[in-house]
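Chemist:
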Amino acid sequence: MSMQMRTFILGMIGVPALLALVFLTVYGEQAGAIIARILPRVPMLLTGSADFSSLEGGFVANILISLWSMAIAIVTGAMLGTGLIARSAFVRLPSSLVMNLLRNSPWLVVLFAMLYLLPFEIEIFGFTVSLSPAVKAVIGLALPVTANIAEIFRGGVQAIPSGQWESASSLGYRRLQILRHVVIPQALPLMVPNLMTMYSMLFIGTSLVVVTGANDVLSVARTIIAVDGDAVATAIYIFVLLLFFLFCFPIAILTRRLEHRVGTSHP
Numbered sequence: 001m002s003m004q005m006r007t008f009i010l011g012m013i014g015v016p017a018l019l020a021l022v023f024l025t026v027y028g029e030q031a032g033a034i035i036a037r038i039l040p041r042v043p044m045l046l047t048g049s050a051d052f053s054s055l056e057g058g059f060v061a062n063i064l065i066s067l068w069s070m071a072i073a074i075v076t077g078a079m080l081g082t083g084l085i086a087r088s089a090f091v092r093l094p095s096s097l098v099m100n101l102l103r104n105s106p107w108l109v110v111l112f113a114m115l116y117l118l119p120f121e122i123e124i125f126g127f128t129v130s131l132s133p134a135v136k137a138v139i140g141l142a143l144p145v146t147a148n149i150a151e152i153f154r155g156g157v158q159a160i161p162s163g164q165w166e167s168a169s170s171l172g173y174r175r176l177q178i179l180r181h182v183v184i185p186q187a188l189p190l191m192v193p194n195l196m197t198m199y200s201m202l203f204i205g206t207s208l209v210v211v212t213g214a215n216d217v218l219s220v221a222r223t224i225i226a227v228d229g230d231a232v233a234t235a236i237y238i239f240v241l242l243l244f245f246l247f248c249f250p251i252a253i254l255t256r257r258l259e260h261r262v263g264t265s266h267p
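First residue of the sequence shown: 1, per the UniProt record's numbering; consecutive thereafter.
Below, the structure written as C-alpha cells:
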C-alpha cells in the first residue's frame, strides 16, 4: 500500500472520528437528541431544499460556484499569464500590475466589492441579464484566482527549457505558435498539481460567499440555527466542516500523487 493511500485512509477515518469526539465532548448526554434534531436538516445543508428537489443551494451551491469560478479563472488566467511572458513591455507591465493587484487583494474584500460594484442586472444587446448573488460570488472569486493561475501559467511555461523555443523558432514557428503547439503541451503536466491545489483553495474560499447573499451551505446553516436555536450551532458547523474536509482531502491526496509522478518524469 502506497504512502498516499495510507494517508488517505488515515485521514478519512481519523478526521471524522476526531470531529465525532469533539461533538460528543460538547454535547455529552444530549448528543443523541441533537443528532435527531439535525438529521432532518441534512438535505437542506446539502442541496438547499428539504427533500432534495433542488440542487441549487447548500453544499451543492459551493461546488457549482467553485467550478464556474475555476473555469472562468483558467481562461482569464491563461490570457493574463500570456501577457506576463510577452516580449513587449506595453503588454507585460500592465499584465504584471493587474496580476499583483488581484493576487494580493483579500478575497473577502473582492467579494464585498463585487456585491456593491456590480448592478443587479445589466443589458447586453437588448437582453437583460440578472446578476444574482451567486453570479457575483463567481466573479468575485474568479478575479483573485485568475491572478494565481496566471502565475502558475508563467511558472509552467518558464520551466520548459529555452532550447524548445529555439528549436521551434528555427523551424519557422512564431512565438504564439510555439507557445500553443510546443510549450504549453509540455508545461501543462507541470501546471496540473498547482491548479488542483488552487482549486482546493478556491473551494475553501467559497465559505466566504455567504456575504454576497448566495444560498450556500453557510447561509443555509445560519438559517437553520436561527430556526432551531443556538443549541444546534456547534453540531451544524461540525457537519459543515466535515463536508468541506471530505471534498477537499481527496483532492489534496491526488495532488500529491500527481506531484510525485511529475517529479519522477521531469527530473
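From the three backbone atoms N, C-alpha and C, an ideal C-beta is built for every residue, glycine too. For clarity, every value in this text was computed on a predicted model and none was experimentally measured.
1. Is DSSP giving F52 helix, strand or coil here?
2. Using the DSSP secondary-structure output, state which residues sit across from E121 in a beta bridge.
3. Please return the same chain residues whose Cβ sits closer than 6 Å to the Cβ of G83, not counting the five positions on each side in sequence.
4. Could you work out which residue in V183, A137, G213, E123 is closest to P161 when comparing CA atoms only?
5. Excluding five sequence neighbours on each side, which residues of the same chain lie with their C-beta closer than 6 Å to the C-beta of S130?
6. As a quick exercise: from V26, S49, T206, pick the residue whose alpha carbon is nearest that of I139.
7. What does a CB cutoff of less than 8 Å around A78 pick up in its chain, not counting 5 residues either side in sequence?
8. Whole angstroms are fine: how far does the CA of L45 sit from the CA of G14?
9. Name, in chain order, the residues that DSSP records as bridge partners for D216.
10. Under the rule that 16 or more other beta-carbon atoms within 10 Å means buried, what is M70, buried or exposed?
Modeler: By the coordinates alone:
1. Note: F52 maps to coil in three-state DSSP.
2. S130
3. V91, S95
4. V183
5. So the qualifying residues of the chain are E121.
6. T206
7. The answer, listed in chain order, is I149, A150, F153.
8. 23 Å
9. G58
10. buried
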